[in-house]
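In our numbering, the protein residues as written are 314 to 744.
Notes to accompany the following structure.
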Ligand SMILES: *Cc1c(COP(=O)(O)O)cnc(C)c1O
């Protein structure tokens, strides 16, 4: 495979100045996540432009990445739908008027009531297992939806030189044999419109993986038509499109990827008379990830066996470094041009030693009161937040395209922390 990669480094830039942030902090104390509306909109436009050759292309934004309805509203305006996998995500989508076939319900281990709600909303239901055909049919009172999609698990298959995953490990999807059976059964039960989905990559920057996904799905569309006479209406490439977190990462070249997919489409789909076939995806991370920033203040500096920078943010605001060892770039605001000649562990205040945003990170000399900006927190950042250790989730702000700043979620308070406790009963309670 010869994709031309642009071997340039990503410059980790900020959409705001230090003065702007200082002004914002006067009204909104740190820590907070701030999202760059202009960046999100331009990125969405770029994706849709890259796939403009594909008829009715759509990205169903994976709500789990950034479940804030203000963001969903921006994405809706850009032509996106939602990819939901739970009842609350469906309800959030409904709140901003993303309903009907603009919802892809890609769930697993799903309870009946969630299938019912998804169907009520008119969502496209994407089944994770062959046994779910009967389960869904029963949940909906004996009738399968007209439109049905299945999630394919390629198991140990190789395509285009890419190993598609470890069959022992992936809990998702149907085997190839089950997949053919499933379409047959669904058709017999009255389904008339069909989709095919897969997802095996995660945060993948190598276009070869995404191209292999497209190729595999196109080939299956051809095989399913030949074997079962069933014509696929759409393929769903899933998510897993990567974000260039490190300055040396080569960003995913979406234009080249799209034109390579177009070539495959011509050779496999058009050549077999299966055009038009809709191409959709359900990317979350790539859509908002690079356009979120966790803004935090240095509380303490500590010198023991190592040098520590202690922040007012913690793992409760951004779990990825602590949980996966994920790299998130850090800018010391106002010191961008100073040499990064000090080695620090950058920590939060949780009583867990993995509450570190960075280990052995080279930064300019940091002082108490410095503002640190942690990059690429626009997906799986605030969303993964939790209350362990009495840590309260931060606010979310939106930097509008016109420079205005809007609070789109306030910070949690102690009342939020205790909202699920029966404190009235506590007074009467005698141990
Ligand atoms: C998480 C997820 C996505 C989105 O993945 P990204 O990493 O945001 O691209 C899409 N589809 C399914 C089924 C998922 O679980």
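Using N, Cα and C, we set each Cβ at its ideal position, and we do this for glycine too.
Along the chain, where does the alpha helix (DSSP H) that runs through residue i open and close?
i	result
residue 660	Per DSSP, residue 660 belongs to no alpha helix (DSSP H); it is in the beta strand (DSSP E), 655 to 660.
residue 445	445 to 452
residue 358	350 to 363
residue 635	633 to 637
residue 497	489 to 501
residue 598	598 to 601
residue 706	Element bounds for residue 706: n/a, residue is neither H nor E.
residue 333	331 to 340
residue 738	736 to 741
residue 718	Element bounds for residue 718: not the alpha helix (DSSP H) but the beta strand (DSSP E), 718 to 722.
residue 727	727 to 730
residue 429	425 to 433
residue 574	567 to 577
In chain order, what residues of the same chain lie with their CB nearer than 8 Å to the CB of residue i, ignoring the 5 residues before and after it?
i	result
residue 324	560
residue 715	none
residue 642	325, 558, 559, 560, 687, 688 and 689
residue 386	409
residue 316	Since pLDDT at residue 316 reaches only 47, below the 50 mark, its modelled position is unreliable, and the value read off the structure follows with that caveat. Cβ within range, chain order: 520, 521, 524, 566, 569, 570 and 573.
residue 352	328, 603 and 604
residue 511	464, 465, 466, 467, 486, 526, 529, 530, 549, 550 and 551
residue 783	Examination of residue 783 is not possible in this model, given that the chain is present from 314 through 744 alone.
residue 546	460, 506, 507, 508, 590 and 591
Would you give the residue range spanned by the beta strand (DSSP E) that residue i belongs to?
i	result
residue 623	620 to 624
residue 367	No beta strand (DSSP E) holds residue 367; DSSP gives it neither H nor E.
residue 383	Where residue 383 is concerned, there is no enclosing beta strand (DSSP E), although the alpha helix (DSSP H) it sits in stretches over 382 to 390.
residue 519	Where residue 519 is concerned, there is no enclosing beta strand (DSSP E), given that its DSSP letter is neither H nor E.
residue 547	547 to 549
residue 440	437 to 440
residue 593	591 to 594
What does the alpha-carbon distance come out to for the pair residue i and residue j?
i	j	result
residue 409	residue 613	41 Å
residue 695	residue 335	21 Å
residue 506	residue 538	13 Å
residue 681	residue 616	13 Å
residue 466	residue 628	33 Å
residue 587	residue 544	7 Å
residue 650	residue 675	13 Å
residue 433	residue 562	43 Å
residue 414	residue 592	14 Å
residue 338	residue 392	33 Å
residue 655	residue 460	58 Å
residue 568	residue 633	28 Å
residue 540	residue 528	18 Å
residue 482	residue 455	33 Å
residue 416	residue 499	20 Å
residue 314	residue 589	Here residue 314 scores only 41 on pLDDT, less than 50, and its place in the model should not be relied on; the value that follows carries that caveat. Going by the C-alpha atoms only, they are around 26 Å apart.
residue 420	residue 744	43 Å
residue 299	residue 418	With the chain covering 314 to 744 only, the question about residue 299 has no answer from this structure.
residue 330	residue 596	29 Å
residue 619	residue 606	26 Å
residue 673	residue 645	15 Å
residue 648	residue 671	18 Å
residue 718	residue 462	40 Å
residue 730	residue 658	29 Å
residue 372	residue 450	27 Å
residue 736	residue 340	32 Å
residue 727	residue 514	39 Å
residue 516	residue 347	22 Å
residue 738	residue 491	53 Å
residue 437	residue 710	32 Å
Identify every residue that forms a DSSP beta bridge with residue i.
i	result
residue 685	609 and 645
residue 397	418
residue 557	Paired residue(s): none; residue 557 is not in a bridge.
residue 507	461
residue 347	606 and 710
residue 669	660
residue 375	396
residue 615	621
residue 676	655
Using C-beta distances below 6 Å, list every residue in its chain close to residue i, excluding the 5 sequence neighbours before and after it, in chain order.
i	result
residue 388	374
residue 318	A caution first: residue 318 carries a pLDDT of 46, below 50, which makes its placement in the model unreliable, though a value can still be read off. Closer than 6 Å at the Cβ level, and outside the excluded window around residue 318, lie 563.
residue 707	344, 345, 630 and 724
residue 667	635
residue 368	589
residue 440	463
Between residue i and the rest of its own chain, which residues show a CB-CB distance below 7 Å, the 5 nearest in sequence each way excluded?
i	result
residue 497	541
residue 452	425, 428 and 429
Sufficient close CB pairs (3 or more, under 8 Å) joining the stretch 618 to 637 to the stretch 575 to 587: These segments do not touch.
Segment contact flag, the stretch 549 to 557 with the stretch 594 to 601, C-beta cutoff 8 Å, min 3 pairs: yes
Contact the stretch 416 to 433 vs the stretch 397 to 405: 3+ CB pairs below 8 Å: yes
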